[in-house]
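> Residue 80 in my numbering sits at position 79 of the sequence shown, and the numbers go up by one each step.
Ideal Cβ positions, reconstructed from N, Cα and C, are used throughout, including at glycine.
Keep in mind it's a predicted model, so treat the numbers as computed, not measured.
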Amino acid sequence: MLRDSHAFSSFSVDDIAAVKPFYADTLGLDVEEEAGMLFLRLGGGGSVLLYPKGPEHTPATYTALNFRVPDVEAAVDELVRRGVRFEQYDDAWIRTDKKGISRAEGMTVAWFKDPAGNILSVVEERG
2 MLRDSHAFSS
12 FSVDDIAAVK
22 PFYADTLGLD
32 VEEEAGMLFL
42 RLGGGGSVLL
52 YPKGPEHTPA
62 TYTALNFRVP
72 DVEAAVDELV
82 RRGVRFEQYD
92 DAWIRTDKKG
102 ISRAEGMTVA
112 WFKDPAGNIL
122 SVVEERG
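#1: Hey, would you say V32 sits closer than 8 Å to L41, going by beta carbons?
#2: Please state whether DSSP places R83 in a helix, a strand or coil.
#3: Name the one or two DSSP bridge partners that W94 has.
#4: Note down, in chain order, each residue of its chain lying with its Cβ closer than 6 Å to the Cβ of A111, except the 5 sequence neighbours on either side.
#5: Can you grab the Cα-Cα spacing for the pair A75 / G46, in whole Å?
#6: Report buried or exposed for Y24, applying the criterion of at least 16 other Cβ atoms within 10 angstroms of its Cβ.
#7: Compute the beta-carbon to beta-carbon distance between L121 and L66, rounded to the nearest angstrom, for a pair I have assumed lies under 8 Å.
#8: Tell me the DSSP bridge mates of K114?
#9: Roughly how many angstroms lie between the CA atoms of K99 and D15, to the nearest whole one?
#10: Look up A61 in the DSSP assignment and say whether it is helix, strand or coil.
#11: Could you work out which residue in R69, G84, G107 is closest to P22 when comparing CA atoms only?
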């Protein structure tokens, strides 16, 4: 029934005006504001809706959005130059290096947060 549906993901933010420059300028995404919400237009035709939740917003405690990149280290370096701060993890599940990159289980990934505190990542493409 839904196989051919043009599905999209969504998550909340506390302040649309505060996150818009981050997604548009810092991350360089195609961003459209409509009816007080943001639509992120992603490569491959996908989209994500960011909706305002105001003071009731609670940041996602999971990775809300993953960006596939050909080289995580290069993506981290560029995003750091743009002011992004990468998360540091050192626990039984995830360990990152000084740049915030995890290379465990054959996957290279680095996590960062948007201004609303939602967790995002860059993940290295495989084959």
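This is what the structure gives:
#1: Less than 8 Å separates the beta-carbon of V32 from that of L41.
#2: In the structure shown, R83 sits in coil (DSSP, three-state: anything other than H, G, I, E or B).
#3: None; W94 has no bridge partner.
#4: Answer for A111: V73, V77, F87, G101, I102, V123, listed in chain order.
#5: CA-to-CA, the gap between A75 and G46 works out to about 24 Å.
#6: Buried, by the Cβ-count rule.
#7: Between L66 and L121 the Cβ distance is about 5 Å, and since that is below 8 Å, they are a contact.
#8: Per DSSP, I120.
#9: Each residue's Cα considered, the two are about 29 Å apart.
#10: In the structure shown, A61 sits in coil (DSSP, three-state: anything other than H, G, I, E or B).
#11: Nearest option by C-alpha distance: G84.
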